[in-house]
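In terms of our numbering, the sequence shown opens at residue 26 and continues consecutively. Since the structure comes first, as structure tokens, the remarks are kept for the end.
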Amino acid sequence: MNDSPEIEELHRGRFLRLVRDRHWEYVTRVNSSGAGFIAALTDAGEVVLVEQYRLPLHARTIELPAGMIGDEAAFQDESIEASALRELEEETGFRGTHAQILMSGPVAAGLTSEMLHLVRIRGLQRVGAGGGVDGEDITVHLVPLADVDGWLRRKQGDGLLIEPRIYAALYFLSRDGC
26 MNDSPEIEEL HRGRFLRLVR DRHWEYVTRV NSSGAGFIAA LTDAGEVVLV EQYRLPLHAR
86 TIELPAGMIG DEAAFQDESI EASALRELEE ETGFRGTHAQ ILMSGPVAAG LTSEMLHLVR
146 IRGLQRVGAG GGVDGEDITV HLVPLADVDG WLRRKQGDGL LIEPRIYAAL YFLSRDGC
């Protein structure tokens, strides 16, 4: 982000900064260079998804495994791919052998400067239970790729919110050679 004299800091919290640039107000991350979202498919053809309660929404969500890039001092210089591999293991208990960035783009261009990176992880091996770190309460779901549309509709019918980025990941996971 260009910190020109036109940018006014309205508020700085521990994780977020609210700024005004001329007439536009938006949010930047204080300790992160972006977010990695993970498209992972087991050898059995199951999509790896996570469920967790999201306080800003006051609701449970179904999401892709994901995490902030460079948000802790120990991981400040970590690559997007290394961050995705680490986050996948923390959240789901799966260790991957290869990570590839499929696409990058803005999270919510009118709200934040944050960029997201969709990362395909291959070579999954279950090495733990997952569930997250630092008080995260993450439930791991392994859903057959062939059944995922119906499964997501049922979860939505049960009142859970479905993260739309899942559908971008499904596009890539269903392509030949991905």
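Where a beta carbon is used, it is the ideal one built from N, C-alpha and C, also for glycine. A quick note: this is a predicted structure, and the numbers were derived from the prediction, not measured.
Run of the alpha helix (DSSP H) containing Phe40, from where it starts to where it stops | In the DSSP assignment, Phe40 falls outside any alpha helix (DSSP H) and carries neither an H nor an E.
What are the boundary residues of the alpha helix (DSSP H) that Val173 is part of?
-> Val173 -> alpha helix (DSSP H) spans Val173 to Gly182.
So, are the CB atoms of Glu204 and Ile87 less than 8 Å apart?
-> In the structure as shown, the chain starts at 26 and stops at 203, and residue 204 therefore has no counterpart that could be examined.
Selection from Phe40, Arg42 and Trp49 that minimises the alpha carbon distance to Glu31 | Trp49
Reducing DSSP to helix, strand and coil, say where Ser199 ends up.
-> helix
Could you give the residue range of the alpha helix (DSSP H) that holds Ser108?
-> Ile105 to Thr117
Does the region 184-196 touch the region 77-92, meaning 3 or more C-beta pairs lie closer than 8 Å?
-> As far as the Cβ criterion goes, the region 77-92 touches the region 184-196, which means the pair count is three or higher.
Which partner residues of Ala65 appear in the DSSP bridge assignment?
-> Ile146
Is it buried or exposed for Phe40, if we count other Cβ within 10 angstroms and need 16 for buried?
-> It counts as exposed.
Nearest to Ile22 (by Cα), restricted to the options Leu74, Asn56 and Asp174 | As shown, the chain starts at 26 and ends at 203. That puts residue 22 outside it, with no answer to give.
Inspect the beta-carbon positions of Phe119 and Ala65 and report whether they are closer than 8 Å.
-> yes
Of all Cβ atoms in chain B, is any one closer than 8 Å to the Cβ of Ser199?
-> Reference to chain B is not applicable here, since this structure consists of a single protein chain.
May I ask you to report which of helix, strand or coil DSSP gives Ile187?
-> It is a strand residue.
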